[in-house]
Amino acid sequence: MDPKTFSTRWKQEPLPLVAILRGITPAQACEAADILLSCGFHWLEVPLNSPEPLESIRLMRKTVGSEGFIGAGTVLTVEQVDQVADCGGQLIISPNCDPEVIRHSVKRGLISMPGVMTPSEAFSAIASGASALKLFPAEHVTPAITKAFRAVVPHDVACLPVGGIQPNAAQMRSYIQAGANGFGLGGGLYQAGMSMNLLRERAQAYQKAWRECAE
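Under the working numbering, the first residue of the sequence shown is numbered 329, with each subsequent residue one higher.
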């Protein structure tokens, strides 16, 4: 998906947040997907360093159907891109900017969201066909740095800070005012082994914070 098409689709998203489910198991995958959908989340990521990640992606894809997008995080090789595509994944999210991985994701018809931390990485990712940019880690890519990114990155390329984002409307607003287009949520939303009730509580907290931010 090219950046303009992704950006247009993303702007229509009422809850522009990617749920990162690092450590989730196939046994929890379907229930977690149902809970997140009920809380307004439509973009779900299973990092490949989770237990049996491809099976979780396959199960979540069946659960979500056409209501959302499922994919993998911590994707580092073209072989992993193929594995994700073959099990029905739609998103390829990486912690780094690897042009080969980006180009192969595009070739397979997947949404590519590589991690970048510098303008050089950002423009390398864009030139390689990235659908959007993951500003990672957000603990270092502050709102001030995000604003500097947005001064040079084309407006039709979505930028999503990931790392340390809390269910805090003030924190979210500081990034949005700097030009961010949403967020990826990791340990603040999900941690391996947590109860599904707690996942629901956290998802609702992020949903509430985003609504307050958007107001």
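Idealized CB from N, CA, C, for every residue including glycine.
Per-residue burial, residue i [other beta carbons within 10 Å of its own, 16 or more giving buried]
i, result
"R386", "buried"
"S366", "exposed"
"G399", "buried"
"E543", "exposed"
"T446", "exposed"
"R539", "exposed"
"G443", "buried"
"L372", "buried"
"M329", "buried"
"M441", "buried"
"P331", "buried"
"G417", "buried"
"M500", "buried"
"K462", "buried"
Assumed close pair residue i, residue j - CB separation to whole angstroms, cut-off 8 angstroms
i, j, result
"P313", "A506", "Given a span of 329 to 543 for the chain in the structure shown, any question on residue 313 remains unanswerable."
"G401", "L382", "With a Cβ gap of about 13 angstroms, G401 and L382 do not count as contacting."
"G510", "I348", "About 13 angstroms; that fails the 8 angstroms criterion."
"G396", "Q535", "About 14 angstroms separates the two Cβ atoms, so there is no contact after all."
"L488", "A360", "Actually they are not in contact, since the Cβ atoms of L488 and A360 sit about 20 angstroms apart, beyond 8 angstroms."
"P436", "A413", "Before going on, a small fix: residue 436 reads as Arg here, not Pro. That belief holds up - the Cβ atoms of R436 and A413 are roughly 5 angstroms apart, short of 8 angstroms."
"I420", "L438", "5 angstroms"
First and last residue of the uninterrupted beta strand (DSSP E) at residue i
i, result
"I303", "In the structure displayed, the chain extends from 329 to 543; residue 303 sits before or after that span and is not available."
"P495", "Looking at the DSSP string, P495 is not in any beta strand (DSSP E), and its letter there is neither H nor E."
"A460", "460-463"
"V374", "371-375"
"S440", "439-441"
"A479", "Where A479 is concerned, there is no enclosing beta strand (DSSP E), although the alpha helix (DSSP H) it sits in stretches over 471-480."
"A347", "345-348"
"L513", "511-513"
Span of the alpha helix (DSSP H), counted from its first residue to its last, around residue i
i, result
"E543", "Premise fails: E543 is in no alpha helix (DSSP H) and is neither H nor E."
"L382", "381-392"
"I398", "Taken as a continuous stretch (DSSP letters only), I398 belongs to no alpha helix (DSSP H), being part of the beta strand (DSSP E) at 397-401."
"T336", "331-339"
"V412", "406-414"
"E467", "First-last for E467: undefined, no H or E at that position."
"V429", "427-435"
Exercise. Looking at C-beta atoms only, is the number of pairs between the segment 517-526 and the segment 463-475 that lie closer than 8 angstroms three or more?
Worked result: no
For this session: Check whether the segment 452-469 touches the segment 428-441, taking contact to mean three or more Cβ pairs, one atom from each stretch, closer than 8 angstroms.
Result: yes
For this session: Could you say if the segment 477-494 and the segment 508-516 meet the contact criterion of at least three C-beta pairs nearer than 8 angstroms?
Result: These segments touch.
Exercise. Counting Cβ pairs, one atom from each stretch, are 3 or more of them under 8 angstroms apart for the segment 479-487 and the segment 349-358?
Worked result: No, the segment 479-487 is not in contact with the segment 349-358.
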